[in-house]
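Protein chains in written order, with the numbering used here: chain A, 78 to 690; chain S, 130 to 602; chain E, 39 to 297.
Ideal Cβ positions, reconstructed from N, Cα and C, are used throughout, including at glycine.
Model, not experiment: these values are computed from the prediction.
Right, one structure below, let's go through it.
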């Protein structure tokens, strides 16, 4: 019935990694290629194959990760040694002897945030792994709409071009923060980055929105309509659940951001004044009476409107950044702990609850904004209650590890790292949610620590973990374990040195987005701590060389592995590594859920979803 | 297979370690250099320099001799000054070795008490004997040098009370040297005002109005008459209070001594620019620049600054309170083409839209500012209804503007036929333009409209604001 | 070997994490002193959450580290085959739910006191109807307008001061916060008080400073390239000094330029 996944001979497993020796992968590849051969362009560039599209998202995401990371290093450099010559950038600032200018600093953190969120984490999680994993995990030959899928990736290219072009316009790129609150972002004279950089920013983000929208429609349709026989919703791996929930979040929240950014674009281009109040005097100009020497429409808009619209998208967006990561972690923990996931249904429900609650908590970004404070109360209760499903997930992950046979290989280390870091990020969120405490810590470094724990130490660890875990499926080779472990140890140490200490900065009241805080008496003593954080951040950034070397080295010289190197259950391991066009070489019938590890029914400690017993 | 990776990993680790060691030391302060002003390096239509390159070099050399460099700014002591025992360099010039400086005893005491506040954390550490906790700000290199010299003077186990007193005295009696002030200027001012104080730093492109160019010795908001250079008090006020309505903030977060230091350094930059301007206008057609010419110009510029206090506008009378009559009289003068003639630029309603301040491009119908200021920027008259007065909103500030005009701009000094009383009447009228006198009742009404967000009042969003009156009248 | 390293790394997180917070005050990485009436409340709520969070943090992180050390692939043939426990799920849903609701409800009173209209002082010299001053934020400075002799803001006799906001000690102070251009935020760390200044809105803010002194006022909302230099000060003085300051300000305002 299912000849592929039944081993012909007893399998010898390497104990510490769980890796099986190769099964002669070249042979398995050939049988899928006999129907048609595509040219290079159709196969690797304008491909409609979900796997290639996934890899395209992966590589462009990693390129932008380097760019965003370099910006982070520049930010850290300025914070440790304000107004000293910036290594690598000093040629841009001859007039100051190589020290960056304050407007450049505002641009740096704005673009660091924008690029990391919209061009790295979202594309990596939903674009790269969403595309790669969904059809494979549900046993589909491809996405429901392969051409739409291709278009989804190519819609990112206008976004890439626009976001990069923005760096070269007069005044530099957008500098109103990644949140781009008006009127700072809408009035040209308010900031150098608002001259035209902000327009590029808005156009770019609109294209990202278009891309994500197409992806989300595709994911939901594929998951709902194209599951293999026997694959009920409750037999889906949690990764698929996470990706589907993230897709729903995008479907419902993204239109709001797209509408809001178009409104802001109109404010900027034809002075509609949605977000611009009357009687402003910005940089010696009154924007509502004269813009570019031309009488403009009377304003009378509301800056708070943007905040509501923006956070109505961007709060759910932070769950887009973390819910798929939770799914990956759940899968990887179960595989490498050789145990069923603890409480599958509560895991699904808690992800759904996080997403659902995510829609009614946006106001917690606005406790001090001048919004009616009475609203703060309900937003606070809803926000604090998000900690509940998060806590349930953490307990279930612990439950999964309990009594397992944990293989501490690179994917598992990063997955455990995710759990450890997510606990910190999740718990510090309670401070943000508590309205009176937030009055103090709002816009301080506690917030920075919190979201970097969730998005870097959380989502990014999950991405590393997922890359190590699914790399064999992507390229038919496995990444080097030694380098992987070195990568984990250093990243884990320096991540904590960097971000944990930011809690202390925040408690001391240090605000975000400040180019040079040390001229304030109340912050002067924080410079040594910032230097420490900066050195840790440099170490962390430099440490990623082990990942880069490993990634490219393994691409050509890694061990070849067979279909199921980790002895995992879910459907993607039934396909050849890497899967050919159409993914599976035999019809699939799913008999059970994906987490039947250490089942007493069979001798091995895993039981693939397709195997008959 | 596995072993192949290990040397790679070890090499990577070693490289990382080397990088970190390199980064762990604090980076060097950047070096900037004084450049010649565009006026000196100007080229004619053929692209030939107007001032011969050799002369340009000579000017640059002379300026370096007179004023040093940004890393080591100092005034040249002429031989006469050496004979007189006069040192023009700060802090000696300002504080004096023997109380002979610019500050009197009260002012010195105020500086010291502000130093105590500013260095409170450090003084407490000294008191507790924890000298390693003393942090000298990064913008005071000379003080940092003096501090480490003091620390080095005695080993840690021999530091007695005297050592402590001496350490505290360093901080309490601190007054910045020109080098300290140049570093503070580099960190806080340079990105707008430029290395030479030309108002051309990298951020200046985005600012409206443009940052001040000190090189001409023209400062807009002073209490000086006859377009004189400013006094220390004028410059101090600008740094202390900022210039409202512009990107120039108040710098009072720095101590009084530090702000005075910045004033000193701005004066140096301004003098340097003035000498350069002098030289380039006298030697345009002459390749020879003699030492006498340079020193003469140097002395002349010093004289102007030394004489600044004599050009202070003294106001004999007390500031009169506005009355209905004085405001009415101000309005008459404002509209009178012979005396005040304010309306021609500031507009009949004071909105800065007077006819003579603008020209219309015949082809396009575009309305452009008619005037430029002395720095060549287009300039429009102040909208007096916004309540934004860059030189200050106090009656006396507006009095100075009306009486002396604004140096460097088309705003002229009051004609000689205007009496003090006339000027005060104008001040009252201008005050009344920006500040609609309100009763408690109509203020409450405006407040109510604001609360309910309806648009019945044209200016409901800013009904009680200084910027009120911008619309709906 | 890797197992031991992973265990130590994971264990270091709660150990060093807690140690960092315990020693933070000694290292001067902790709250600035609390000098307003509600600042101790906010600190208490922060600590309250911190203790609850710290408990969860330590328990979960230690459990994680312990599981990683204990459940190795070598020591067992197979993992424990379990799909979960309904009872456990109920326990670890119910207990955190109660704890979180407790946290949520303990916050409410303080927030209402600080930000709600009902929390504003009605007695005393300064109320919402009669604020002590209007604080104007603009790129990149703070300016304060006191109502002057007539006690009404927005009239000719208003007094204006740059940079420094002087208030009396131990007295409820209400002021109006306004912005001329973009969004700014009024933040004094020692008072634990932050409020955005929204262009087009007049936002009333109140506090009661409990110690005389001069405190940094910082802008806590990105307001442009000069955000980092948008500083001010709040100087808290005795009631007499406040009167004297007002008199000084008035004298300076109407001075004829002579000292």
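Starting from residue 223 of chain E, follow the beta strand (DSSP E) in both directions and report where the run begins and ends.
It spans 222 to 226 - the beta strand (DSSP E) in which residue 223 of chain E sits, taken as one unbroken run.
How is residue 201 of chain S classed by DSSP in three states: helix, strand or coil?
In this structure, residue 201 of chain S counts as strand in the three-state DSSP scheme.
Label residue 445 of chain A either buried or exposed according to how many other C-beta atoms from any shown protein chain fall within 10 Å of its C-beta, with 16 as the threshold for buried.
Buried is the call here.
Determine the closest residue to residue 431 of chain A out of A/396, A/184, A/127, with distance taken between C-alpha atoms.
That would be A/396, whose Cα lies nearest to the Cα of residue 431 of chain A.
Using a Cβ-Cβ cut-off of less than 9 Å, give me the residues of the stretch 364 to 379 of chain S that come near chain A, in sequence order.
Against chain A - using a Cβ distance shorter than 9 Å - the residues of the stretch 364 to 379 of chain S are 374, 375, 376.
May I have the straight-line CA-CA distance separating residue 501 of chain S from residue 507 of chain S, to the nearest angstrom?
The alpha-carbon atoms of residue 501 of chain S and residue 507 of chain S are separated by roughly 4 Å.
Examine chain S for any beta-carbon lying closer than 8 Å to the beta-carbon of residue 257 of chain A, and answer yes or no.
No, residue 257 of chain A lies away from the interface with chain S (no Cβ there is under 8 Å from its Cβ).
CB residue 514 of chain S to CB residue 473 of chain S, shorter than 8 Å?
Result no, Cβ atoms of residue 514 of chain S and residue 473 of chain S do not sit closer than 8 Å.
Which residues in chain A sit within 7 Å of residue 220 of chain S, going by Cβ to Cβ distance?
Correct list: empty, because the minimum Cβ distance to chain A is about 21 Å.
Quick check: what's the CA-CA separation for residue 317 of chain S versus residue 165 of chain A?
The straight-line gap from Cα to Cα measures roughly 22 Å.
Against chain S, does residue 198 of chain E count as a neighbour if the rule is that its beta carbon must be under 8 Å from one of theirs?
Interface residue, yes.
Using a Cβ-Cβ cut-off of less than 7 Å, list which residues of the stretch 153 to 169 of chain E approach chain A; keep chain order.
The stretch 153 to 169 of chain E vs chain A, Cβ under 7 Å: 153, 154.
Take every Cβ of the stretch 318 to 331 of chain A, pair it with every Cβ of the stretch 284 to 299 of chain A, and state whether three or more of those distances are shorter than 8 Å.
The stretch 318 to 331 of chain A, when compared against the stretch 284 to 299 of chain A, does touch it at the 8 Å Cβ threshold.
Comparing alpha-carbon positions, which option in E/92, E/232, E/128, E/191 lies nearest residue 76 of chain E?
When each option's Cα is compared against that of residue 76 of chain E, the closest is E/232.
Can you find a C-beta in chain S that's less than 8 Å from the C-beta of residue 696 of chain A?
Since the displayed chain A opens at 78 and closes at 690, residue 696 of chain A lies outside it and no answer follows.
For residue 394 of chain S, count the other beta carbons within 10 Å of its own beta carbon; 16 or more makes it buried, fewer makes it exposed. Which is it?
So residue 394 of chain S ends up on the buried side.
Applying a beta-carbon distance threshold of less than 8 Å, which residues of chain E neighbour residue 332 of chain S?
Simply 263.
Could you please tell me which residues of the stretch 415 to 435 of chain A, in chain order, have their CB closer than 7 Å to any CB of chain E?
Cβ contacts with chain E: 415, 416, 417, 419, 420, 421, 423.
Which whole-angstrom value describes the C-beta separation of residue 199 of chain E and residue 217 of chain E, a residue pair presumed to lie in contact below a C-beta threshold of 8 Å?
Their Cβ separation, rounded to whole angstroms, is 17 Å, which puts residue 199 of chain E and residue 217 of chain E out of contact at 8 Å.
Quick check on this structure: which residue in A/585, A/196, A/510 has the alpha carbon closest to the alpha carbon of residue 145 of chain A?
Nearest option by C-alpha distance: A/196.
Quick one, are the C-beta atoms of residue 187 of chain S and residue 418 of chain S less than 8 Å apart?
Yes, they are a contact pair.
Sorted by chain position, which residues of the same chain lie with C-beta nearer than 6 Å to residue 403 of chain S's C-beta, five sequence neighbours on each side aside?
Closer than 6 Å at the Cβ level, and outside the excluded window around residue 403 of chain S, lie 346, 430.
Does the Cβ-Cβ distance between residue 382 of chain A and residue 419 of chain A come in under 8 Å?
Contact flag unset, no.
Report yes if the C-beta distance between residue 405 of chain A and residue 316 of chain A is below 8 Å; otherwise report no.
Yes, these two residues count as a Cβ contact at 8 Å.
Kindly indicate if chain B contains any beta-carbon less than 8 Å away from that of residue 462 of chain A.
The structure shown contains no chain B; its protein chains are A, S and E.
Compare the C-alpha of residue 175 of chain E against each of E/66, E/58, E/202 and name the closest.
Looking at the Cα atoms, E/202 is the closest of the given residues.
Quick one: list the residues of chain E neighbouring residue 733 of chain A, beta-carbon separation under 9 Å, in chain order.
Because chain A here runs from 78 to 690, residue 733 of chain A falls outside it and cannot be looked at.
Using a Cβ-Cβ cutoff of less than 7 Å, which residues in the same chain neighbour residue 359 of chain S once the five nearest sequence positions on both sides are dropped?
Correct list, in chain order: 348, 351, 353, 437.
Give a yes or no on contact between the stretch 168 to 176 of chain A and the stretch 622 to 638 of chain A, applying the rule of three or more CB pairs nearer than 8 Å.
Contact between the stretch 168 to 176 of chain A and the stretch 622 to 638 of chain A is absent, because fewer than three Cβ pairs lie under 8 Å.
Going by DSSP, what residue range makes up the alpha helix (DSSP H) through residue 312 of chain S?
Looking at the DSSP string, the run of the alpha helix (DSSP H) that includes residue 312 of chain S is 307 to 317.
Using a Cβ-Cβ cut-off of 8 Å (strictly less than) and excluding sequence neighbours within five positions of residue 246 of chain A, which residues of its own chain qualify?
Closer than 8 Å at the Cβ level, and outside the excluded window around residue 246 of chain A, lie 272, 273, 274, 277.
Under 7 Å between beta-carbons, which chain E residues line up against residue 573 of chain A? List them in chain order, please.
Within 7 Å Cβ-Cβ: 51.
List the residues of chain A that residue 336 of chain S touches, going by C-beta distances under 8 Å, in chain order.
Near residue 336 of chain S (Cβ distances below 8 Å), the residues of chain A are 360.
Express the C-alpha separation of residue 131 of chain E and residue 108 of chain A in angstroms, rounding to a whole number.
Because the pLDDT of residue 108 of chain A is 44, which lies under 50, any placement of that residue in the model is unreliable, and the question is left without a value.
Which parts of the stretch 170 to 224 of chain S are runs of the beta strand (DSSP E), unbroken and 3 residues or longer, counting only runs that do not cross its ends?
Runs found: none.
Is the Cβ of residue 266 of chain A closer than 8 Å to any Cβ of chain S?
At least one chain S Cβ lies under 8 Å of residue 266 of chain A.
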